[in-house]
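Counting from 1, one number per residue, gives the positions in the sequence shown under UniProt numbering.
Backbone N, C-alpha and C fix where the C-beta goes; we use that ideal spot for every residue, glycine too.
Below: one structure, written as structure tokens.
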Amino acid sequence: MAMFAQMKSFDDVHLHAGAIVGWQQTYDQLSTGPVQTVLKHVTGERFQIFQESLNKRVVQHGVAPPGRLCLAMPKCGGELAVFQGKSLGTESVTLLHSGQEFFVQAAEGMDLLAITVEATRLENLAAREFSDSEMRRLARLSRLELRQQVLQTVRKRLEDVVTAALQNRFLPEHLLEDLTLECMLDLLDHRVEGDTGRAGNHMVSAYLVKQSQELALAHNDEPISVLQLCERLNVSRRTLQRSFQSVTGLRPVEYLRSVRLNAARRRLRQTCANQVTVARIASDFGFTHLGHFSGYYKALFGEHPSETPRH
Numbered sequence: 001m002a003m004f005a006q007m008k009s010f011d012d013v014h015l016h017a018g019a020i021v022g023w024q025q026t027y028d029q030l031s032t033g034p035v036q037t038v039l040k041h042v043t044g045e046r047f048q049i050f051q052e053s054l055n056k057r058v059v060q061h062g063v064a065p066p067g068r069l070c071l072a073m074p075k076c077g078g079e080l081a082v083f084q085g086k087s088l089g090t091e092s093v094t095l096l097h098s099g100q101e102f103f104v105q106a107a108e109g110m111d112l113l114a115i116t117v118e119a120t121r122l123e124n125l126a127a128r129e130f131s132d133s134e135m136r137r138l139a140r141l142s143r144l145e146l147r148q149q150v151l152q153t154v155r156k157r158l159e160d161v162v163t164a165a166l167q168n169r170f171l172p173e174h175l176l177e178d179l180t181l182e183c184m185l186d187l188l189d190h191r192v193e194g195d196t197g198r199a200g201n202h203m204v205s206a207y208l209v210k211q212s213q214e215l216a217l218a219h220n221d222e223p224i225s226v227l228q229l230c231e232r233l234n235v236s237r238r239t240l241q242r243s244f245q246s247v248t249g250l251r252p253v254e255y256l257r258s259v260r261l262n263a264a265r266r267r268l269r270q271t272c273a274n275q276v277t278v279a280r281i282a283s284d285f286g287f288t289h290l291g292h293f294s295g296y297y298k299a300l301f302g303e304h305p306s307e308t309p310r311h
């Protein structure tokens, strides 16, 4: 299935429910009056993000997609939503495991942001993050209670992913999938009590940064994600993030983006404007949005790419 992103409005909750790909579910309207709903979704082969806004009270009943883990963050007005018979607060996150039945009473004005990821890949990544006992505990969870600031930060990241996908249908699917997985791992990570991380060894950290940089430059046209680096180097995100912080003072994403920007700058200086365009060079180094590339470039080098001297 090719990835696609869509935003659509509905005046019927049944049509809305049926538009969420991969879900077996029914929606029943409870409060009176005309329904106006909005659905935004990004659906790929192994992940999905959808955001739904409902102006009426709705009962949602169905079964979670097989082979997936689903995590949902409801944002309600005055009335609380109810999940599996229990009220959801402003700091609540719900989890549905593969094929699990669900029953939700959505409050009027509820805005729900949900993500689903392939369970097997998430489990493989989580095994690097959590201990065996933590993994067993997470496998039984049906809801998380997290700090509101954590939820707001992760929610904003996911909303930005949806917006980017709606604006640019050529974004690499694997990068959007990995951003979704990272958000889910971050939420699960904040749920786990106690940090089991070890103090990093500087030589190991420097080696991981060097290997990451080589992998990043080997995939110029399709930027490698943090999760892909973790899989290639067989390390946890905690270890990789600590390594970059101690060696470079930057997060992996920031550092590797700067590496690609520098490579793009070298290409600009080595070529003529009538030989290759700025847009082509940006694309060659994995920047699919020319405006974003120009903004990152100016922030790093103090000039727009069009202002860089060329042959």
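If you draw a 10 Å sphere on the C-beta of residue 140, you find fewer than 16 other C-beta atoms in it, and that means exposed. About 6 Å separates the beta carbons of residue 11 and residue 36, which is inside the 8 Å limit, making them a contact pair.
Non-local C-beta neighbours of residue 311 in its own chain, meaning closer than 6 Å and more than five positions away in sequence, comprise 272, ordered along the chain. Unbroken beta strand (DSSP E) stretches of 3 residues or longer found wholly inside the stretch 17-89: 24-29, 37-43, 47-54, 58-63, 68-75, given in chain order. The alpha carbon of residue 167 has as its nearest neighbour, out of 42, 15, 25, the alpha carbon of 42.
Leaving aside the five residues that flank residue 154 on each side, the residues in its chain whose CB is nearer than 7 Å to its CB run, in chain order, 183, 186, 187. Boundaries of the beta strand (DSSP E) around residue 101: 101-106. Across the structure, residue 222 and residue 171 are spaced so that their CA atoms are roughly 10 Å apart. Secondary structure note for residue 9: its beta strand (DSSP E) is the uninterrupted segment 4-10.
Annotation: the stretch 204-239 contains the following complete segments of the alpha helix (DSSP H) (minimum length 4 residues), in chain order: 226-233. Here the stretch 117-131 makes no contact with the stretch 77-91; the two share fewer than three CB pairs at distances below 8 Å. Classified as exposed, residue 30 has fewer than 16 neighbouring CB atoms from the shown chains inside 10 Å of its CB. The continuous beta strand (DSSP E) containing residue 145 extends over residues 143-145. Residue 108 sits close to residue 54, with the two beta carbons spaced by under 9 Å.
Per DSSP, residue 185 is one residue of the alpha helix (DSSP H) stretching across 173-191.
The Cβ atoms of residue 301 and residue 265 lie closer than 9 Å to each other. The Cβ atoms of residue 236 and residue 157 do not sit closer than 9 Å to each other.
Taking the C-beta atoms as reference points, residue 96 is found nearer than 9 Å to residue 71. Below 8 Å, enough C-beta pairs join the stretch 236-255 and the stretch 209-227 to call them touching: three or more.
Residue 273 sits in coil when the DSSP states are folded into three classes, being neither helix nor strand. The shortest C-alpha to C-alpha distance from residue 163 to any of 39, 126, 20, 251 is the one to 39.
The alpha-carbon separation between residue 257 and residue 44 amounts to approximately 24 Å.
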